[in-house]
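According to mature numbering (1 follows the signal peptide of the UniProt record, and there is no 0), the residues represented by the sequence shown are -20 to -1, 1 to 278, in order.
So the structure is just underneath, and the comments pick up after that.
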Amino acid sequence: MIRLLLAVLVGAALAPHGLAQDVKALAGKRVVFLGDSITQAGGYVSFATYYLEKLHPTKDFDVIGLGLASETLSGLSEDGHAGGKFPRPCLFERLGRVLEKSKPEIVFACYGMNDGIYLPLDKGRAAAFHKGVAKLIEQCQKAGAKHVYLITPPIYDFVPKKGEFNYDSVLTEYAKWETELKTPGVTVIDLHTAMRTARDARPGPFSKDNVHPGDDGHLLMAKTLLGAFGVKAPDESVATIKADPLFKLVAQKRERRSAAWMKHTGYTREATVKPQPLGTAEADAAKLQEQIDALRRK
C-alpha cells in the first residue's frame, strides 16, 4: 500500500510541470550523470537504467554515472569540512575533461545538497549556486550536449523541533529557483517536491544521516526521473528488484564503468587523481551488456 501511494505521489508531483517526454530522448545516446555523493553511490542511476533496459528491450542505453562525493556547483565549502582535511571539490575542476572525454549527448545533473554548505539561506551562497547552474548548462551545451536535465536536490531528511533550523528549507528554495528556469535545451525534474511529498506520507525517513537516501529513497529518485520520460515502473519492492539477475548485471556494469570513467577523467577531492587510460573498461562493459541483452530480449 505504501509503495502504491508513493507511485501516485510521484506522478502527482511531476504532473504540474508537464515534463513527460518519450524514452526516445535517451535511447541510443551517450548519457552522463553528474552529482555529489548521492549520485556517486549510484543507486538511483542503477534503478533507472534497470527499468529502461527491462521495459524497453528493443532499445539501447548508454549510461555513465560520474558523481563525486562532497562536490558542489557553487565552489563553496564550510570551515573544517572533512575534519579540515580538504575543502569541498567543485565540478568545474573536472567538467571540461568529463565533457571532452565522454562526449555526452544527454547530461543529468543533481546538485544543491552541498551547495548551501548546511547553513541558513544566504543571498551570496544562493547566487553562487545559481551561477554554478548557469555555468554547468553553458559548458555542457558548448561541448555539444543536446539536452541538460537538472534534477532538483533531494530533501534534507530531518524533522526539526520547534524553532530549530532545518536545512531543507534552503534546498526547497534552491529547488524552487531551478523549477522556474526557462532555458532552451534544459528540462528541470522536480525531485525535491516529489521526495518531500513522499516523505511526508511515510512512517519513517529515507535517510539515516539526513543526507544520503537508502535504497527506498534511491528507488523513488529513479521513478521520479523515469516519470519525466513517461516510463512507469511497476510497484515492487527493492528486495524484488535486487533479486532479479538483470538488475544485478545492470548494477555491476554501472559500478565498474563509473569507477573506470572517474579515473579516466580524473578529479580532485582529498587527493588528485590524474586522468588515466580506460584500458579494457569499455570492452568489459560491452561483455556485461551482452549478458544484459540476453536476459531482457529472450
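Cβ coordinates follow ideal geometry from the N, Cα and C atoms, glycine included.
Apart from the five residues just before and just after M(-20), which ones in its own chain have a Cβ nearer than 6 Å to its Cβ?
Note that M(-20) scores a pLDDT of 37, beneath 50, so its modelled location is shaky and nothing firm can be said.
Secondary structure of T173, DSSP reduced to three states:
It is helical.
Just to confirm my understanding: we take K81, look at its own chain, exclude 5 residues before and 5 after, and list those with CB closer than 7 Å. What are they?
Close CB contacts of K81 within its chain, under the 7 Å cut and outside five residues either way in sequence, are with H244 and T245 (chain order).
Those runs of the alpha helix (DSSP H) which lie wholly inside the stretch 179 to 248 and span at least 4 residues:
List check, alpha helix (DSSP H) in window: 195 to 207, 218 to 223 and 225 to 245.
For the ligand SAH, I want to know if V11 counts as a neighbour, meaning its beta carbon is within less than 8 Å of at least one of the ligand's heavy atoms.
No copy of the ligand SAH appears in this structure; indeed no ligand is present at all.
Who pairs with L14 in a beta bridge, going by DSSP?
BP columns for L14 point to A89.
Decide yes or no for the touch test of the stretch 151 to 170 against the stretch 105 to 116: beta carbon pairs closer than 8 Å, at least 3 of them.
With the cut-off at 8 Å, the stretch 151 to 170 and the stretch 105 to 116 touch.
Separation of D273 from G143, as counted between CA atoms:
If you draw a straight line from the Cα of G143 to the Cα of D273, it comes to about 54 Å.
Reference residue 279, options L206, A181, E216 and Q269, closest by Cα
With the chain covering only -20 through 278, there is no way to say anything about residue 279.
Hey, out of Y30, L200 and L48, whose CA is closest to F13's CA?
Of the listed residues, the one whose Cα sits closest to F13 is L48.
Tell me the rounded alpha-carbon separation between P193 and I44.
Taking the straight line from one Cα to the other gives about 20 Å.
Three-way DSSP call (helix, strand, coil) for I117 in this model
In the three-state reduction of the DSSP assignment, I117 falls in the helix class.
Take every Cβ of the stretch 94 to 104, pair it with every Cβ of the stretch 136 to 150, and state whether three or more of those distances are shorter than 8 Å.
Contact holds: three or more Cβ-Cβ distances are below 8 Å.
When you compare the stretch 68 to 79 with the stretch 21 to 38, are there three or more beta-carbon pairs, one atom per stretch, that lie closer than 8 Å?
With a cut-off of 8 Å, the stretch 21 to 38 and the stretch 68 to 79 do not count as touching, because too few Cβ pairs lie within range.
According to DSSP, is H127 helix, strand or coil?
In the structure shown, H127 sits in a strand (DSSP, three-state: E or B).
Using a Cβ-Cβ cut-off of 6 Å (strictly less than) and excluding sequence neighbours within five positions of K9, which residues of its own chain qualify?
For K9, where only same-chain residues beyond five positions count, the Cβ hits under 6 Å are E85 and I86.
If we call anything under 9 Å between Cβ atoms a contact, is L229 one with A240?
Not closer than 9 Å, so no.
Rounded C-alpha distance that separates F209 from L161:
When rounded, the separation of the alpha-carbon atoms in F209 and L161 is 19 Å.
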